[in-house]
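Quick note on numbering: UniProt numbering labels position 6 of the sequence shown as 6, and the sequence is numbered without any gaps.
Even for Gly, the Cβ is constructed at its ideal location relative to N, Cα and C.
One structure is given here, and the rest of the page talks about it.
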Amino acid sequence: MYTFNLIYPNLSDIPFHAMVFPDGQPHVKLKMEAIKALDRATPVRILSRLSHANDLMTVLFVKNTLDYLEFEHVELHVSYLLAARMDRVMLDGEPFSLKVVAQVLNQAQFRKVKIFDPHSEVSTALIDRSYAVSNHTFVQGALKDFGVEPYCLVSPDAGALKKIHKLASFLGAAEVVECMKERDLRTGALTHFKTTADDLEGKTCVIVDDICDGGGTFAGTAALLKGKGAAMVVLVVSHGIFSKGPVIDGIDKIYTTDSYRLVEGVHTFPISNFLL
Numbered sequence: 001m002y003t004f005n006l007i008y009p010n011l012s013d014i015p016f017h018a019m020v021f022p023d024g025q026p027h028v029k030l031k032m033e034a035i036k037a038l039d040r041a042t043p044v045r046i047l048s049r050l051s052h053a054n055d056l057m058t059v060l061f062v063k064n065t066l067d068y069l070e071f072e073h074v075e076l077h078v079s080y081l082l083a084a085r086m087d088r089v090m091l092d093g094e095p096f097s098l099k100v101v102a103q104v105l106n107q108a109q110f111r112k113v114k115i116f117d118p119h120s121e122v123s124t125a126l127i128d129r130s131y132a133v134s135n136h137t138f139v140q141g142a143l144k145d146f147g148v149e150p151y152c153l154v155s156p157d158a159g160a161l162k163k164i165h166k167l168a169s170f171l172g173a174a175e176v177v178e179c180m181k182e183r184d185l186r187t188g189a190l191t192h193f194k195t196t197a198d199d200l201e202g203k204t205c206v207i208v209d210d211i212c213d214g215g216g217t218f219a220g221t222a223a224l225l226k227g228k229g230a231a232m233v234v235l236v237v238s239h240g241i242f243s244k245g246p247v248i249d250g251i252d253k254i255y256t257t258d259s260y261r262l263v264e265g266v267h268t269f270p271i272s273n274f275l276l
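Below is the structure:
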C-alpha cells in the first residue's frame, strides 16, 4: 500500500507539492516522474488531519487527482475529523455540521475511511465505509511512559464514559472513577463538577478523553479529584487543540498525539503510530 502523507509530506510514498493560492484556495500537484513508476492497482491511503476546511478541500483535490490518474483503490485515514463535536443540531439556528462534512466525504467515494478516536459514534454512522480506530494503544503507550502504578482511570463526563469501560477492560484497569459536569450550550460555561468517588487519598488519577480544547473540563475535574485526596492527576487526550495553551490548572502531566497539530511542551505521540 502507498501512503499519500499530507501530515508528514517528506514521508509520503507519492511525492507532491502543496501550496495555497493568493485567494486562499489550497492546491496540490503530484510529481509525475515518480507517479509513472507506481502500480495503479496498489491501494493508496491518504493520511490527513481534517483540522480546517482547507484540509478537507485538499483531501478532495488529492482524491480527484488520484482518480484521474486511475488509481483503483483509495482510502482516507483521518487523524482528526472536522466538525466531529457538532454531531447534532445543538441550538436552533445552528447547522448539523458533521452531517455536512460527511456528505462531502461520501461524494468522494473512498473505498474505506479510518478515523482515529472520533468524538462519537455519529461520525462512523454518517460516513460511508468508515470505522473508528480506538485510543486503546495510545493510552497504553502513555501509561507505559508515565510508569506509575496503581492508577485509576477517570471519565470526565458522560460522553467519555461511553468509552472508558472498554478501555479499562483492554488495560486491565481495576478502578474507574466517573465524573460529571454541566455545560451551558449558549455560553460554554462549565458548572457543577461531581464524582461518584468518595475517597481518592494518595491515588494517581488518569483522565482520558478524546479532545482537549480550552481545558476547562479538565481543570474543573482535576480540582474535584484533588479535593478528594488525589496525589497526582494525569491527562491523556487523543486530540490536543489547547486553544488556551498546554498548561492546565491541577494537571500534573499531559499526553496527546499530533492528530490536530504538533504541540510544544506536551508529551506527544505521532499519529502515524496508530493510523498506519
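- Looking only at G245, D213, I207 and G229, the smallest Cα-Cα distance to T221 is reached by I207.
- Assigned with DSSP and collapsed to three states, M19 falls in strand.
- For S79 and L50, the gap between their C-alpha atoms comes out near 7 Å.
- L66 sits in a helix when the DSSP states are folded into three classes.
- Along the region 59–146, the beta strand (DSSP E) occurs as fully enclosed runs of 3 or more residues at 74–80, 112–116 and 130–133, listed in sequence order.
- Only residues of its own chain outside the window of five on either side were considered, and among them V177 and K228 have a CB closer than 7 Å to the CB of A197, listed in chain order.
- N54 is the residue among S12, L11, S48 and N54 whose C-alpha sits nearest the C-alpha of D23.
- Per DSSP, the unbroken alpha helix (DSSP H) holding T217 starts and ends at G216 to G227.
- Listed as beta-bridge partners of K203 by DSSP are no residues whatsoever.
- Around the beta carbon of L153, a 10 Å sphere encloses 16 or more other beta carbons of the protein chains shown; the residue is thus reported as buried.
- By the criterion of at least three beta-carbon pairs nearer than 8 Å, the region 54–63 is in contact with the region 103–119.
- In this structure, DSSP gives L153 an extended state, which the three-state scheme calls strand.
- By the beta-carbon neighbour count (other beta carbons within 10 angstroms, threshold 16), F116 is buried.
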